[in-house]
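J.:
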Amino acid sequence: MAGERFTITTAISYPNGAPHIGHAYEVIAADAIARFKRIDGYDVFFVTGTDEHGLKIQQTATKAGVSPRAFVDGMAPRFRTMAETLNCAFDRFIRTTDPDHLVSSQALWRRMEQAGDIYLSKYAGWYSVRDEAYYDESELVLGEDGVRRAERTGTPVEWVEEESYFFRLSAYAERLLAHYAENPDFIGPETRRNEVVSFVRSGLQDLSVSRTTFDWGIPVPGAPGHVMYVWVDALTNYITACGFPEEADPRWRHWPADLHVIGKDIIRFHAVYWPAFLMSAGVPLPRRVFGHGFLLSRGEKMSKSLGNVVDPIELAGLYGVDPLRYFVLREVPFGQDGNYSHEAIVNRTNADLANDLGNLAQRSLTMIARNCDGAVPQPGDLTQADRALLAAADALPAAARAAMRDYALHHALAEIWAVVAEANRYFAGQEPWTLRKTDPARMATVLYVTAEVLRAIGILVQPFVPAAAATLLDLLAVPQEARGLATVGEGQRLTPGTALPAPSPIFPRFVEPEA
Ligand code: ME8
C-alpha cells in the first residue's frame, strides 16, 4: 500500500447559484475517502471544482446583468470556500475557465477528431438547459401546461436546430459493454450499473458535441462559431487536473483516476460518454465511477427558531463542521438517498458524538489528569476484559478497510462506533472511579486500556471528523507521524509515563438556542 497512488474526484459543480447541501455532501464524502486512503499510506490526489461554461451559466449571468466571466468569478470562490469550510483537503480546485483547461479540452477534441470520431452535421432535437442535456422524444412527457419536460428530471426542454459537430458515440456501444463486463467494478453501486448497461444495450446515438447559438464555452479548434458542448469540456476537467495533454507532466502519474464520486443523476455522462471519449482519444479509463444518492431536506422547517437552513456553510456554523460531516456520512448509506432534518442532526450529534465518544474521552482523560499525574498510566497485567476490548480496537483497520473497499462509509462508521459502545460498556463495568480507592493499580490499567482504545478510535475517525480526531489524538499526545492506520495495534501502543495535555471537550452537545 505504502506509496501506491489513489486519485479521487468529485463532480464539478455548476456555479449558477450558491452551493447547496448536495454539493456539500459530495465533497464531504469524497474528502472522507481521500483522507481514509491517506492514513492508509496512499499517495492521494483529490480534485474538486466548478463547471463554468454552457448556456445555463450564460443565461443566469445575463439575468443578473453581468458577463458570464464576471458571474462565475463571483460565484466559484463560494464553492471553494464551502469545501474549505467543510475541512475538505483537496489538492486542486479546478475551474473550467482555468487556462490549462482550455489547452486540455482542445487537445482531447483534436485526438477524437484524429481518431475519425468527430463529424459536422445538423442537430435537430430537444435540449434541457437546466440539465445541459439532449433528450429523445421518447424521454419526454407533455405537461398539462403544454410544456414538454424530460421525464427523468422534470426540467423543461426546448427545440434546438443548428449546425453541430457530432461524436460517433454509436460506434462505442459494443466496446463499452465489453468494458463493463470485463470490469464489473467500473460502475457502482449495482443499481447504477444495471441502469447504464441497459441504456447502452438499447443502442447509442451519436452525440451533438458543439453549439453555435451562444459563445460561452471552449472554442472548437479550427471551427469558428462553434463552442464545445459543456459536458465535453466538463468531463475533461479530470484529466486537465492530471496535467493532460502533457504526458511528461509529473501530475500525469495521477491518471487514471481510481474513483469519480458523482451523483446518481449524472451517471450516464460519466459511465457512457466519458469512457467513450477517452477510448477514442486513446487515454486510459478511470477505474470506477460511483453514483451516490440524493440528500434532501425532509421538507419541513429545520426548527422553529432556526428557520429553514439549507446553506451548507450556515449548517456547518450551526451544528459544527465535524457533526455535519458525521451526520451525512453516518445517516445516509452511501449510494442511497437520504433525508436530513434538524432533529436528526441533533440526535446524531448528541447521541453518537457528545455522549458516546465525547463523554468517554472526557471522563477517562479527566481521571487520568487527576489520578495519574497527567501522564499515560502504567498498566499492570491485562485481564480477559482488557484483552477483548483491545482486540476489538485492533481489528478496526481491517474492518474499516473492508467497508471502504466498497465505499460503504456508513458501515465503516458503524464498525467504529460499535467499538465506542464496547469501550463505554467496559468503562462502566470496570468502574475505575471505585478502583481509585480500592485498587489504584487496577484503575491505572483500566484507564490505560481505555486511552489506548481511544487512540485507535481517534486514528480511525480522522477521515470523518478530522478536527475532533486531531484534538483527541493531541490529548493523547500521539505524534503527527504516528497517526496512520498501520499504527493501530500491538506495535505502537501508548507509552506509559508520556505527559498528556490538560483534557478539553472534543464534542460539545448541541443545545437548542432559546426561541
Ligand atoms: O451536475 N444531493 O453540476 P451540479 C446529493 N456540472 N447530491 C446532489 C444533490 C443532492 N440534493 N444535488 C446535486 C453538475 N447533487 C455538472 C457536473 S462533472 C464533470 C459535471 C450532485 O452542480 C450532483 O449529482 O448540478 C453532482 O454530482 C454534483 O452534485 C454537482 O451537481
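Note that the numbering used here has the sequence shown beginning at 2, numbered continuously upward.
Backbone N, C-alpha and C define an ideal beta-carbon position, used for all residues, glycine too.
Would you kindly check if the distance between the Cβ of I13 and the Cβ of G50 is under 7 Å?
T.: Indexing the sequence shown from 1 puts residue 50 at position 49. Indexing the sequence shown from 1 puts residue 13 at position 12. One thing to note: G50 has its Cβ within 7 Å of the Cβ of I13.
J.: Assuming P222 contacts Q107 under a Cβ cut-off of 8 Å, what Cβ separation, rounded to an integer in Å, is found between them?
T.: What you label residue 222 is simply residue 221 of the sequence shown in a count that begins at 1. What you label residue 107 is simply residue 106 of the sequence shown in a count that begins at 1. Indeed they touch by this definition, with Cβ atoms about 5 Å apart.
J.: Under the criterion of a Cβ to heavy atom distance below 6 Å, does S505 qualify as lining the ligand ME8?
T.: Within the sequence shown, residue 505 is the residue found at index 504, counting from 1. Incorrect: S505 has no Cβ contact closer than 6 Å to the ligand ME8.
J.: Tell me which residue opens and which closes the beta strand (DSSP E) that H293 is part of.
T.: Counted from its first residue, the sequence shown places residue 293 at position 292. 290 to 293 is the extent of the beta strand (DSSP E) around H293.
J.: DSSP on I40, reduced to helix/strand/coil?
T.: Start at 1 with the first residue of the sequence shown, and residue 40 comes out as number 39. If DSSP states are grouped into helix, strand and coil, I40 belongs with the helices.
J.: By a C-beta neighbour count over all protein chains shown, 10 Å radius and 16 as the cutoff for buried, is V148 buried or exposed?
T.: The residue given as residue 148 occupies position 147 in the sequence shown. It counts as exposed.
J.: Give the C-beta separation of V104 and Y128 to the nearest angstrom, bearing in mind that I take them to be a contact with Cβ-Cβ under 8 Å.
T.: The residue labelled residue 104 in the question sits at position 103 within the sequence shown. The residue labelled residue 128 in the question sits at position 127 within the sequence shown. 28 Å between Cβ atoms; not a contact.
J.: From V347 to Y320, what distance separates their C-alpha atoms?
T.: Numbered from 1 along the sequence shown, position 346 holds the residue referred to as residue 347. Numbered from 1 along the sequence shown, position 319 holds the residue referred to as residue 320. Their Cα atoms are separated by approximately 8 Å.
J.: Identify the residues that DSSP records as bridge partners of R93: which are they?
T.: Here residue 93 refers to the residue found at position 92 of the sequence shown. DSSP, once it has assigned bridges, lists V48 as partnering R93.
J.: Can you confirm whether the segment 46 to 66 touches the segment 88 to 96 when touching is taken to mean that 3 or more C-beta pairs between the two stretches lie within less than 8 Å?
T.: yes
J.: Would you check if the distance between the CB atom of P190 and the CB atom of G336 is smaller than 7 Å?
T.: In the sequence shown, the residue the question calls residue 190 occupies position 189. In the sequence shown, the residue the question calls residue 336 occupies position 335. It is a contact, given that the beta carbons lie within the stated cut-off.
J.: If you count every other CB in all the chains shown that lies within 10 Å of the CB of Y327, and 16 or more means buried, which is it?
T.: Translated into positions along the sequence shown, residue 327 becomes position 326. Counting Cβ neighbours within 10 Å, Y327 comes out buried, since at least 16 surround it.
J.: Please indicate yes or no: does the CB of Y15 lie closer than 6 Å to some heavy atom of the ligand ME8?
T.: For the purposes of this step, residue 15 is taken as the residue at position 14 of the sequence shown. Yes, since a heavy atom of the ligand ME8 falls inside the 6 Å radius drawn around the Cβ of Y15.
J.: Opposite P220 in the DSSP bridges: which residues?
T.: Stepping through the sequence shown from its first residue, residue 220 is reached at position 219. Bridge partners of P220: V228.
J.: So does A235 have its beta carbon nearer than 6 Å to some heavy atom of the ligand GDP?
T.: Questions concerning the ligand GDP fall outside what the structure shown contains, since the ligands it does hold are the ligand ME8.
J.: Helix, strand or coil, according to DSSP, for Q337 in the structure here?
T.: Start at 1 with the first residue of the sequence shown, and residue 337 comes out as number 336. Correct three-state label for Q337: strand.
J.: DSSP has I263 in a bridge; who is on the other side?
T.: The residue labelled residue 263 in the question sits at position 262 within the sequence shown. For I263, the beta-bridge partners assigned by DSSP are G292.
J.: Identify, in the order they occur along the chain, each residue of the same chain with its Cβ nearer than 7 Å to the Cβ of D387, setting aside the five sequence neighbours on each side.
T.: The residue labelled residue 387 in the question sits at position 386 within the sequence shown. Cβ neighbours of D387 beyond the five flanking positions: T446, V450.
J.: Indicate, with yes or no, if the ligand ME8 has a heavy atom lying under 6 Å from the CB of I267.
T.: For the purposes of this step, residue 267 is taken as residue 266 along the sequence shown, with counting starting at 1. Yes, the ligand ME8 has a heavy atom inside 6 Å of this Cβ.
J.: Specify, as a first and last residue, the run of the beta strand (DSSP E) that I9 falls within.
T.: In the sequence shown, counting from the first residue as 1, residue 9 sits at position 8. 6 to 11 is the extent of the beta strand (DSSP E) around I9.
J.: Suppose you measure from the CA of A33 to the CA of I263; what does that come to, to the nearest Å?
T.: For this step, residue 33 is matched to residue 32 along the sequence shown. For this step, residue 263 is matched to residue 262 along the sequence shown. Taking the straight line from one Cα to the other gives about 14 Å.
J.: Check the DSSP bridge columns for S68 and list the partner residues they point to.
T.: By one-based count along the sequence shown, residue 68 stands at place 67. BP columns for S68 are empty, so no partner.
J.: Go through its chain and collect everything with a Cβ distance to F508's Cβ below 7 Å, but skip five positions before and after it.
T.: Within the sequence shown, numbered from 1, the residue matching residue 508 stands at position 507. For F508, where only same-chain residues beyond five positions count, the Cβ hits under 7 Å are L354, A355, L358, G359, A469.
J.: Looking only at C-alpha atoms, which of L296, G204, Y341 sits nearest to L178?
T.: The residue you call residue 178 lines up with position 177 of the sequence shown. Of the listed residues, the one whose Cα sits closest to L178 is G204.
J.: Let me check you understand the geometry: is the CB of E53 closer than 6 Å to at least one non-hydrogen atom of the ligand ME8?
T.: Residue 53 sits at position 52 when you count from the first residue of the sequence shown. No - the ligand ME8 has no heavy atom lying nearer than 6 Å to the Cβ of E53.
J.: Specify the secondary structure class of F270 as computed by DSSP and reduced to three states.
T.: By 1-based counting over the sequence shown, the position of residue 270 is 269. Of the three classes helix, strand and coil, the one that applies to F270 here is helix, per DSSP.
J.: Can you have a look at V73 and say buried or exposed, based on whether 16 or more other CB atoms are within 10 angstroms of its CB?
T.: The residue labelled residue 73 in the question sits at position 72 within the sequence shown. The residue in question, V73, is buried, as its Cβ has 16 or more Cβ neighbours within 10 Å.
J.: Specify whether the segment 280 to 288 and the segment 169 to 187 touch according to this definition: at least 3 beta carbon pairs, one from each stretch, less than 8 Å apart.
T.: Short answer: they touch.
J.: State the Cα-Cα distance for the pair L141 and R150, rounded to the nearest angstrom.
T.: Here residue 141 corresponds to residue number 140 of the sequence shown, with the count starting at 1. Here residue 150 corresponds to residue number 149 of the sequence shown, with the count starting at 1. If I take the Cα positions, the gap works out to 5 Å.
J.: Straight-line CA distance for A77 to N425?
T.: Counting from 1 along the sequence shown, the entry for residue 77 is found at position 76. Counting from 1 along the sequence shown, the entry for residue 425 is found at position 424. Cα to Cα, the separation comes out at about 45 Å.
J.: May I ask you to check if the CB of I188 is nearer than 6 Å to at least one heavy atom of the ligand ME8?
T.: Translated into the one-based positions of the sequence shown, residue 188 becomes position 187. No, the Cβ of I188 stays beyond 6 Å of every heavy atom of the ligand ME8.
J.: Who are K123's beta bridge partners in DSSP?
T.: For the purposes of this step, residue 123 is identified with residue 122 of the sequence shown, where counting begins at 1. Paired residues: E164.
J.: So, with DSSP's three-state summary, where would you put P157?
T.: Here the question's residue 157 lines up with position 156 in the sequence shown. The answer is strand: DSSP assigns P157 an E or B state.
J.: Any idea if M303 is buried or exposed, counting beta-carbon neighbours within 10 angstroms, 16 or more meaning buried?
T.: Position 302 of the sequence shown holds residue 303. Note that M303 has pLDDT 42, beneath the 50 cutoff, so the model's placement of it is unreliable and the number below is only indicative. Burial call: buried.
J.: Could you check how far apart the C-beta atoms of G126 and Y135 are, in whole angstroms? I think they sit under 8 Å.
T.: Taking the first residue of the sequence shown as 1, we reach residue 126 at position 125. Taking the first residue of the sequence shown as 1, we reach residue 135 at position 134. Right, the Cβ-Cβ distance comes to about 6 Å (below 8 Å), so this counts as a contact.
J.: Measure the Cβ-Cβ separation of R169 and D118 and say whether it is below 7 Å.
T.: Locating residue 169 in the sequence shown gives position 168, where the first residue counts as 1. Locating residue 118 in the sequence shown gives position 117, where the first residue counts as 1. With respect to D118, R169 sits close: the two C-beta atoms are nearer than 7 Å.
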